[in-house]
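Engineer: Protein chains in written order, with the working numbering: chain A, 2 to 377; chain B, 35 to 355. This structure is in structure tokens; I'll ask about it shortly.
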Amino acid sequence: MSVAEPRLERGMRNGASLERTLRLSLATGALALALLYVSGLIYLLVRGGYRLVAFTSIATPLADIQGEPMARAGLAAIVFGSFGWVASSIANFASAKIRGAYLPKRFTRPAVVAIALFGALLLRDHLPRFLIALPSETRAGGGIGPEIFNTLYFAVLSTSLTLPVGVGAALYMARFAHAKKFVGLLRTALDTLASLPSIVYGLFGFLVFVVQMKLGYSLFAGAFVLALLNLPLVVGVAEESLRAVPRELEEASLAVGATDVQTALYVTIPYAWPGILSALVLSIGRVFAESAPLIMTAGTTISRATAYSLDPLRGGETLAVHLWYVNSAGLAPDKADVSAGTAATLVVLILLTNIVAARLARYGGATGTRLQAATK
Amino acid sequence: MNIAATAGPKAEQEPREHGPITRVRVLDGVIRVALVGCGAFVLIATIAILLFLGRAGVRGIQAVGISQLISGVLWKPEADLFGGLPLIVGTFVSAIGAVIVGAIPAMFAAVWANEFASKALCPLYRRTMEVAAAIPSVVYGWLALVYLVPAMESLAHVIRPNQTTSGEGLAAASLLLGIMIAPTVLLLSLDSLSRVPSALRDASAALGGSPWQTAMRVCLPHSWRGIVIALFFGFARAAGETMAVQMVIGGARKLPGDLFSPTTTISTQIVMDMQNAMPNTTGSNVLFSMSLVLLVVSVVVVLFTRGLTRQGRQGRSRRPA
Numbered sequence: 002m003s004v005a006e007p008r009l010e011r012g013m014r015n016g017a018s019l020e021r022t023l024r025l026s027l028a029t030g031a032l033a034l035a036l037l038y039v040s041g042l043i044y045l046l047v048r049g050g051y052r053l054v055a056f057t058s059i060a061t062p063l064a065d066i067q068g069e070p071m072a073r074a075g076l077a078a079i080v081f082g083s084f085g086w087v088a089s090s091i092a093n094f095a096s097a098k099i100r101g102a103y104l105p106k107r108f109t110r111p112a113v114v115a116i117a118l119f120g121a122l123l124l125r126d127h128l129p130r131f132l133i134a135l136p137s138e139t140r141a142g143g144g145i146g147p148e149i150f151n152t153l154y155f156a157v158l159s160t161s162l163t164l165p166v167g168v169g170a171a172l173y174m175a176r177f178a179h180a181k182k183f184v185g186l187l188r189t190a191l192d193t194l195a196s197l198p199s200i201v202y203g204l205f206g207f208l209v210f211v212v213q214m215k216l217g218y219s220l221f222a223g224a225f226v227l228a229l230l231n232l233p234l235v236v237g238v239a240e241e242s243l244r245a246v247p248r249e250l251e252e253a254s255l256a257v258g259a260t261d262v263q264t265a266l267y268v269t270i271p272y273a274w275p276g277i278l279s280a281l282v283l284s285i286g287r288v289f290a291e292s293a294p295l296i297m298t299a300g301t302t303i304s305r306a307t308a309y310s311l312d313p314l315r316g317g318e319t320l321a322v323h324l325w326y327v328n329s330a331g332l333a334p335d336k337a338d339v340s341a342g343t344a345a346t347l348v349v350l351i352l353l354t355n356i357v358a359a360r361l362a363r364y365g366g367a368t369g370t371r372l373q374a375a376t377k
Numbered sequence: 035m036n037i038a039a040t041a042g043p044k045a046e047q048e049p050r051e052h053g054p055i056t057r058v059r060v061l062d063g064v065i066r067v068a069l070v071g072c073g074a075f076v077l078i079a080t081i082a083i084l085l086f087l088g089r090a091g092v093r094g095i096q097a098v099g100i101s102q103l104i105s106g107v108l109w110k111p112e113a114d115l116f117g118g119l120p121l122i123v124g125t126f127v128s129a130i131g132a133v134i135v136g137a138i139p140a141m142f143a144a145v146w147a148n149e150f151a152s153k154a155l156c157p158l159y160r161r162t163m164e165v166a167a168a169i170p171s172v173v174y175g176w177l178a179l180v181y182l183v184p185a186m187e188s189l190a191h192v193i194r195p196n197q198t199t200s201g202e203g204l205a206a207a208s209l210l211l212g213i214m215i216a217p218t219v220l221l222l223s224l225d226s227l228s229r230v231p232s233a234l235r236d237a238s239a240a241l242g243g244s245p246w247q248t249a250m251r252v253c254l255p256h257s258w259r260g261i262v263i264a265l266f267f268g269f270a271r272a273a274g275e276t277m278a279v280q281m282v283i284g285g286a287r288k289l290p291g292d293l294f295s296p297t298t299t300i301s302t303q304i305v306m307d308m309q310n311a312m313p314n315t316t317g318s319n320v321l322f323s324m325s326l327v328l329l330v331v332s333v334v335v336v337l338f339t340r341g342l343t344r345q346g347r348q349g350r351s352r353r354p355a
């Protein structure tokens, strides 16, 4: 009677069960890590979210601060505009599922604008109190109205510096640079800028604007420092998307007699625009998130008289700075709730910038659909 | 700039000398100069940052003395005592702790996401981590202040029942920093792992390597440069992080007895003292001197990264295509 030969199978290889265990533990660890972030994000939105949607039926009276009506109307336009955008996206999705076609854009776009205008004009004073009230250091019921205004204003100020300088430097490096040494130096400078911790930028801004120029804490100093902080990111992504522009397009432009500067301005930059824009949106996300350099350049206070002023030489805190300040120096009894609401607002803003940047990057950029369609 | 003499610009510039000066041509010149100006602005800004900080920092070192600044154990600006050792120890210990508890697990998570996760799961995982990396550091800091610090306090009570602590300290800071740098390290490692050529994977599989063996003995070794760069970036980010650490480190300006007692870091001390210190005094200048430590860390990381990337490029180019 012969002994049956054991059949060879993959699972019988030496150490296969150990490998299976290791793989399982690796997967568990990785998914647990992701779960940590997802649950934290959901917690933030749930914990602070109710303060952001607590619309009031009784109108909140204006506090008699210069510029407050306009700031409120602007915030209402943004809030209701994004509601309209979400609603139109859902309607679009449903329409695609049911009818098999998207809603016509000439119908959805005016609808979103109309909702935003309606909110800005009529529901301005019914926004959640938390979003439009002034902050309070000692009493309960403080809001984050000026902080939201400052955060958005910082985004505008710093982008108006980052955009020309960043795109200019990127265009120079991608298309016009013939001096190899200069470009090498420039790359080293950008690498250095990218690796500096943000507190170092804050120290620099403090030294130049507050100490040397004696401007005191100002929004301009903060915006300048943030623009410097964002330059490496913007130059890097913009250069990459400028380099991805098909050479044929530029040659066609040169062939009909355009100069190379005209080609760059009218062909290369418009073509690379979605990629550049996605870098700008990401840099705006960093403006929202940064706090250490702003504490040292723009200060941690809100003065009532200039809470909504457009003067860039006044100081003021952003949402991120406020979140820190409330927890380290605030005495308000409801500081846990104020922090939760501020954190939720910040997270919503960051999520928005991320979604917009991802959409733009998918549309343009080196691997974008736009380029694939053009070079097919 | 005089190396600019390549064939391209010469061919464009030659007819310019003969033709009439038109508006287009003037505009061209202006825009060209503006573009060079943008590049020069970046360069000048970088040099200005290094010069300004260096000057103030050197003044601080001259006033206090470098040995005192590095090895002194008491930081008391009100008594003109500037011993920087607690700050330096706090910064480096918390950053190394962050790399151990955050960056190394993130590295393995990247291996899982790239090698073992299904095709549908990997982009989702990546997206989650991109969002996690974009969440502001103060938000992490606030969550840690509310939840991590009490948890650390309980843990400290379990370990040493007889002593009282507040839970603030290096352990809380390391864990928080680990959670903060993990997404960044993971994304950078993932980038590096996804550049491993599929031919290497196929070759490993053809020799009978299991997926685990392929991942651990082919893909990880092949992309070690990128992963080491990712770890170093994580370390630099953890060392430079300010507000979140400030919220959980406790702020005691002395060397900590253990991981659960309050201490301080360089960036924490800068942001706390700068609000009180008068400009151009020793108290303000030593803060700049301490920031030079952070500057050195980031410059070392840049040089290290450049060296590794260059080495990697050379290695690839030597191989026949």
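We treat Cβ as the ideally placed atom computed from N, Cα and C, and that holds for glycine.
Contact defined as beta carbons within less than 8 Å: I believe residue 174 of chain A pairs with residue 73 of chain B. What is the distance between those atoms, to the nearest angstrom?
Structural biologist: At roughly 7 Å, the Cβ-Cβ gap stays under 8 Å, so residue 174 of chain A and residue 73 of chain B are in contact.
Engineer: Are the C-beta atoms of residue 332 of chain B and some chain A residue less than 8 Å apart?
Structural biologist: Residue 332 of chain B counts as touching chain A.
Engineer: Taking contact to mean 3 or more Cβ pairs, one atom from each stretch, closer than 8 Å, check whether the stretch 185-197 of chain B and the stretch 250-266 of chain B are in contact.
Structural biologist: No, because fewer than three Cβ pairs between the stretch 185-197 of chain B and the stretch 250-266 of chain B fall closer than 8 Å, the two stretches do not touch.
Engineer: So that I know if they touch, is there some Cβ in chain B lying closer than 8 Å to that of residue 248 of chain A?
Structural biologist: Closer than 8 Å: no.
Engineer: Residue 81 of chain A and residue 134 of chain A: beta carbons closer than 8 Å?
Structural biologist: No; because the gap between Cβ atoms is not below 8 Å, this pair is not in contact.
Engineer: Smallest Cα separation from residue 343 of chain A: which of A:23, A:46, A:162?
Structural biologist: Cα-wise, what sits closest to residue 343 of chain A is A:46.
Engineer: Nearest to residue 333 of chain B by alpha carbon, out of B:298, B:313, B:273, B:306?
Structural biologist: When each option's Cα is compared against that of residue 333 of chain B, the closest is B:273.
Engineer: For residue 314 of chain B, which residues in chain A fall below 8 Å Cβ to Cβ?
Structural biologist: Under the 8 Å cutoff, chain A gives 212.
Engineer: By Cβ distance below 8 Å, which residues in the same chain neighbour residue 176 of chain B in space, the five residues on each side in sequence not counted?
Structural biologist: Closer than 8 Å at Cβ, skipping near neighbours: 281.
Engineer: Which residue spans inside the stretch 200-237 of chain B form an unbroken alpha helix (DSSP H) run of at least 4?
Structural biologist: Those alpha helix (DSSP H) runs which fall completely within the stretch 200-237 of chain B and span 4+ residues are 204-228.
Engineer: Any beta-carbon of chain A closer than 8 Å to the one on residue 244 of chain B?
Structural biologist: Yes, because at least one Cβ of chain A sits closer than 8 Å to the Cβ of residue 244 of chain B.
Engineer: Of all Cβ atoms in chain B, is any one closer than 8 Å to the Cβ of residue 192 of chain A?
Structural biologist: Answer yes: the Cβ-Cβ gap between residue 192 of chain A and chain B drops below 8 Å somewhere.
Engineer: Between the C-alpha atoms of residue 362 of chain A and residue 43 of chain A, what's the straight-line distance to the nearest angstrom?
Structural biologist: Whole-angstrom Cα-Cα distance: 25 Å.
Engineer: Cutting at 8 Å between CB atoms, please list the residues of its own chain near residue 31 of chain A, excluding the five before and the five after it.
Structural biologist: Hits under 8 Å: none found.
Engineer: Going by DSSP in three states, residue 288 of chain B sits in which element: helix, strand or coil?
Structural biologist: Note: residue 288 of chain B maps to coil in three-state DSSP.
Engineer: In chain order, what residues of the same chain have a beta carbon less than 8 Å from the beta carbon of residue 221 of chain A, not counting five sequence neighbours either side?
Structural biologist: Once the five neighbours on either side are set aside, the close Cβ partners of residue 221 of chain A are 158, 210, 313, 314.
Engineer: Which residue marks the beginning of the alpha helix (DSSP H) containing residue 272 of chain A, and which one marks its end?
Structural biologist: 270-290 is the span of the alpha helix (DSSP H), which, as asked, contains residue 272 of chain A.
Engineer: Go ahead and label residue 295 of chain B buried or exposed: buried means 16 or more other beta carbons lie within 10 angstroms of its beta carbon, across all protein chains shown.
Structural biologist: Buried: at least 16 other Cβ atoms inside 10 Å.
Engineer: With 8 Å set as the bound, which would you pick, yes or no: does the beta-carbon of residue 80 of chain B sit closer than that to a beta-carbon of chain A?
Structural biologist: At least one chain A Cβ lies under 8 Å of residue 80 of chain B.
Engineer: Strictly below 8 Å CB to CB, what residues from chain A border residue 150 of chain B?
Structural biologist: The contacting residues are 24, 27, 28.
Engineer: Is residue 204 of chain B closer than 8 Å to residue 297 of chain B when the C-beta atoms are compared?
Structural biologist: Cβ atoms of residue 297 of chain B and residue 204 of chain B: closer than 8 Å.
Engineer: What residues in the stretch 228-262 of chain A have a beta carbon less than 8 Å from any beta carbon of chain B?
Structural biologist: Residues 229, 232, 236, 260, 261, 262.
Engineer: Tell me whether the beta-carbon of residue 76 of chain B lies closer than 8 Å to the beta-carbon of residue 191 of chain A.
Structural biologist: It is a contact, given that the beta carbons lie within the stated cut-off.
Engineer: Run through DSSP, which three-state label would residue 351 of chain B get?
Structural biologist: Because residue 351 of chain B sits at a pLDDT of 49, beneath the cut-off of 50, its placement in the model cannot be relied upon, and the point is left open.
Engineer: Would residue 303 of chain A and residue 305 of chain B be called neighbours here (beta carbons separated by less than 8 Å)?
Structural biologist: Cβ distance not < 8 Å, so residue 303 of chain A and residue 305 of chain B don't count as in contact.
Engineer: So which residues on chain B does residue 145 of chain A lean against when the C-beta distance must stay under 9 Å?
Structural biologist: Those within 9 Å of residue 145 of chain A in chain B number zero; the least Cβ separation is about 14 Å.
Engineer: Quick check: the Cα distance between residue 260 of chain A and residue 268 of chain A, rounded to an integer number of angstroms?
Structural biologist: Residue 260 of chain A and residue 268 of chain A: Cα-Cα distance of roughly 11 Å.
Engineer: State the Cα-Cα distance for the pair residue 339 of chain B and residue 330 of chain A, rounded to the nearest angstrom.
Structural biologist: Their backbone Cα atoms lie some 39 Å apart in a straight line.
Engineer: Buried or exposed, going by whether 16 or more other CB atoms sit within 10 Å of the CB of residue 55 of chain A?
Structural biologist: Flag for residue 55 of chain A reads exposed.
Engineer: Can you name the start and end residues of the alpha helix (DSSP H) that residue 80 of chain A belongs to?
Structural biologist: That run of the alpha helix (DSSP H) goes 69-99.
Engineer: In or out: residue 101 of chain B buried (at least 16 other Cβ within 10 Å) or exposed?
Structural biologist: Exposed, since its Cβ has fewer than 16 Cβ neighbours within 10 Å.
Engineer: Rounded to whole angstroms, what's the CA-CA distance from residue 333 of chain A to residue 341 of chain A? Just pull it up for me.
Structural biologist: Spanning the two alpha carbons is a distance of roughly 14 Å.
Engineer: Is residue 352 of chain A close to chain B, meaning its C-beta is less than 8 Å from at least one C-beta of that chain?
Structural biologist: Cβ-Cβ to chain B under 8 Å: yes for residue 352 of chain A.
Engineer: Report yes if the CB atom of residue 265 of chain A is closer than 8 Å to the CB atom of residue 242 of chain A, and no otherwise.
Structural biologist: Not a contact, by the Cβ cut-off of 8 Å.
Engineer: Compare the C-beta of residue 72 of chain B against all C-beta atoms of chain A and say whether one is closer than 8 Å.
Structural biologist: True, the Cβ-Cβ gap to chain A drops below 8 Å.
Engineer: Less than 8 Å between the C-beta atoms of residue 313 of chain B and residue 212 of chain A, yes or no?
Structural biologist: The answer is yes: Cβ separation under 8 Å.
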